[in-house]
Amino acid sequence: MALISYAAQLTRLADADPDRPAVTDEFRSISRRELDRLANRTARAFAELGVTEGDHVTITLPNSIEFVAATVACWKIGAVPQPVSFMAPAREVRAIVELAESRIVVGAEPGSHGERPCLPRGWEPGPECSDGSLPDAISRPWKAMTSGGSTGRPKLIRAGDAGELDPDANPSLLVRRNGAMMMPGPLYHNGPFVWSTTALLAGSHLVLGGRFDAATTLALIERHRCDVMYIVPTMMHRIWRLPEETRSSYDVSSLLVVWHLAAPCPPWLKHAWIEWLGAEKIFELYAGTEAQTATIITGSEWLAHRGSVGRAAPGTLKIVGPDGDEVATGEVGEIYLRNADGKRTYEYVGAEAKTLPDGWESLGDMGRLDTDGYLYLSDRSADMLLVGGSNVYPAEVEAALEEHPSVQSAVVIGLDDDDLGKRPHALIHVDRRVDDDELRVFLAERLVRYKIPRSFERVDQPLRDDAGKVRRSALAAERQVRR
């Protein structure tokens, strides 16, 4: 097996078919040759600013050709792309940049990070930067992602692998060589970043939709004949809530694989997608950026194990109780994961892993296993609410709320209560007026009484970002202050 660098692979693809589309964003398309040349120029500009092999380069840009070019430019000189949300507060970005000790920041205004060089949005390498080939380099590691979780304290997750591959091996993640991938998810999150770069390195046309819009996503699939799509349940919900005549007006028959991940998918919603596109096209993956192991389930498997996220492979997992011992099959506990060889597959900067002996690590998720070894997620352990002595998992309540035809999105948080300990409070984004009593009656058909929110709050905008993420602790803290 002869490995070559990511940079060499992209140049190889450009040489093989220079005019084939490489990336399309909401404004333009760029060919393989054009991307390779733009990345060469960008890499030389980075080097002029002091970026060398092994340096982190923070990229805080929206989904765009510029984001992709900056990532490839890092690989061209052996630097490490380190994406950050372009919508994150300046204070949070500064904390991440300091933690990463980034050499430069791409997408930030000059002076916003002290004396550290910054390249603003819309920046382009100057004419003095040649687009000719560069000496080969390998990024070690190939990416460094961030995660702040609900605490707001950022950590860096450096991949364990270098930026090299076997060009003759089949692409991972069911990506097709020379295909087309629809990517509506934000590239600053690990899943979209991994799927997008996998597609790019396989010669697939990467289609970026800009800020997520349900109808636009379907139109882009039709226009570019996308065969693979990455999506999260929030997006699935918004697409499904389109008028049926709108959704069915788009030809999405080119889709062969639809991956969904990043958050638990309500069973009713997944079943709807299976009936729409076919069980053979729907795939779900559960894993963390840390990638100790992953579970995967096909649509057909899911129909036999409704609500599961699959079985672990190639590593393993177990469910652990509060005492640290493994719980019985069917009991909910904390999920611990382990790589096949028991070795760590990543490096934390700014955090410590939650571990048990013999290489077991937790991402903080709760779940249970059935007798066949299939995993069922409950929620994040930090998000679980203790309501009058009973456990309430917000994800379960949110899934029931979002089944209501007028609820576009929902987030459930716990507010301090002298009697109950925590009082479930639901924030809902609705498309028509719906009163509390109607919601309670609807939920009573789906949830035991103590899980039904005691109060409801209407909001006028989506509650989750395009990656399906939400910071419950911040929402709860804000509402506790109001009381």
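Per my numbering, the sequence shown runs over residues 1191 to 1673. All C-beta atoms, glycine included, are put in the ideal place defined by N, C-alpha and C. Bear in mind that the values here come from a model prediction, so they are computed numbers and not experimental data.
- The DSSP assignment places 1294-1296 as complete runs of the beta strand (DSSP E) inside the region 1293-1335, in order along the chain (cut-off: 3 residues).
- Each residue's CA atom was taken as its position, placing F1473 and L1324 some 39 Å apart.
- At least 7 Å separates the beta-carbon of K1612 from that of L1653.
- Annotation: the continuous alpha helix (DSSP H) that includes E1224 extends over 1222-1238.
- Nearest in C-alpha terms to D1441, of all of R1415, V1620, W1265, is R1415.
- Three or more Cβ pairs closer than 8 Å define a contact, and the region 1451-1465 meets that threshold against the region 1418-1431.
- Around the beta carbon of S1568, 16 or more other beta carbons sit within 10 angstroms, so the residue counts as buried.
- Ranked by how close their Cα comes to the Cα of A1260, the residues K1345, P1315, A1392, F1632 have P1315 in first place.
- When the beta-carbon positions are compared, G1393 and P1382 stay at least 7 Å from each other.
- The residue from H1379, V1517, S1443 with its alpha-carbon nearest to that of L1410 is S1443.
- Here G1353 really is in contact with W1265; their C-beta atoms are around 5 Å apart, less than 8 Å.
- For S1490, the enclosing alpha helix (DSSP H) stretches over residues 1489-1494.
- Closest in C-alpha terms to R1501, from the list I1487, T1436, V1270, comes I1487.
- Per DSSP, the unbroken alpha helix (DSSP H) holding I1286 starts and ends at 1280-1290.
- Here the C-alpha atom of Q1272 lies approximately 16 Å from the C-alpha atom of S1254.
- Secondary structure note for G1557: its beta strand (DSSP E) is the uninterrupted segment 1550-1559.
- Taken in chain order, the whole alpha helix (DSSP H) runs of length 4 or more contained in the region 1407-1471 are 1423-1430, 1434-1437, 1457-1467.
- CA-to-CA, the gap between V1262 and A1477 works out to about 25 Å.
- In the three-state DSSP reduction, T1214 falls in the strand class (E or B).
- Note that the C-beta distance between I1220 and A1212 is below 7 Å.
- Between V1602 and R1558, the CB-CB gap reaches or exceeds 7 Å.
- V1384 sits in a helix when the DSSP states are folded into three classes.
- H1427 and S1596 have their C-alpha atoms roughly 12 Å apart.
- In this structure, S1552 is the residue among V1418, S1552, E1542 with its C-alpha nearest to the C-alpha of P1512.
- Here the alpha carbon of V1638 sits roughly 28 Å from the alpha carbon of G1489.
- Under the criterion of beta carbons closer than 8 Å, P1208 and R1223 qualify as touching, at roughly 4 Å.
- The closest CA to that of G1468, considering only L1565, L1493, M1335, T1479, is found on L1493.
- Ranked by how close their Cα comes to the Cα of R1622, the residues R1661, S1599, Y1564 have S1599 in first place.
- Rounded to the nearest whole angstrom, the CA to CA distance from R1669 to V1247 is 37 Å.
- Secondary structure at Q1651: coil, using DSSP grouped into helix, strand and coil.
- Taking C-beta atoms under 8 Å as the contact rule, M1373 and S1386 qualify, at a distance of about 5 Å.
- When the beta-carbon positions are compared, L1459 and D1417 stay at least 7 Å from each other.
- Sorting A1285, A1634, R1636, P1307 by C-alpha distance to the C-alpha of A1235 places P1307 at the top.
- When DSSP states are grouped into helix, strand and coil, D1573 belongs to the coil group.
- Ranking R1218, L1432, T1506, K1333 by CA distance to the CA of V1270 puts K1333 first.
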